[in-house]
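**Q** Numbering (our numbering), first residue to last: 301 to 375. Let me give you the structure first, and then I'll get to my questions.
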Amino acid sequence: MHTVVLVSLVIVSLALIVVVLLQSSKSAGLSGAISGGAEQLFGKQKARGMDLILHRATIVLAIVFFLLAIAITKI
């Protein structure tokens with residue numbers, strides 16, 4: 301059982317890394333935050349299309365990651 305949870309944790313963590321790297325950048329970096337791009341960064345923008353799918357996948361994978369991390373300590 302421990303091995304199954306450990307392998308699942310590794311797979312979910314790799315998937316989480318891939319999903320985060322696939323997301324598009326939403327800011328111009330530090331220079332954008334200083335020069336007035338902060339309203340775009342902190343403003344309400346709705347994700348659409350692939351960005352929405354990746355955003356939701358990130359949330360789901362993060363929750364599964366934390367649940368598996370807690371489960372592996374209980375086994």
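The beta carbon of each residue, even a glycine, is placed where N, CA and C say it ideally should be.
Grouping DSSP H, G and I as helix and E and B as strand, with all else coil, what is Arg-348?
**A** In the structure shown, Arg-348 sits in coil (DSSP, three-state: anything other than H, G, I, E or B).
**Q** When the distance is taken between beta carbons, is Leu-352 closer than 7 Å to Val-319?
**A** The answer is no: Cβ separation not under 7 Å.
**Q** Looking only at its chain, what residues have a beta carbon closer than 8 Å to the beta carbon of Ala-371, apart from the 5 residues adjacent to it on each side?
**A** Closer than 8 Å at Cβ, skipping near neighbours: Val-305.
**Q** What number of angstroms, rounded off, separates the C-alpha of Ala-357 from the C-alpha of His-302?
**A** Looking at the two C-alpha atoms, the distance is approximately 25 Å.
**Q** By the three-class DSSP mapping on this structure, what secondary structure does Ser-325 have?
**A** In the structure shown, Ser-325 sits in coil (DSSP, three-state: anything other than H, G, I, E or B).
**Q** Might you give, ordered along the chain, the residues of its own chain that have their beta carbon closer than 8 Å to the beta carbon of Ala-362, omitting 5 neighbours on each side?
**A** So the qualifying residues of the chain are Leu-316.
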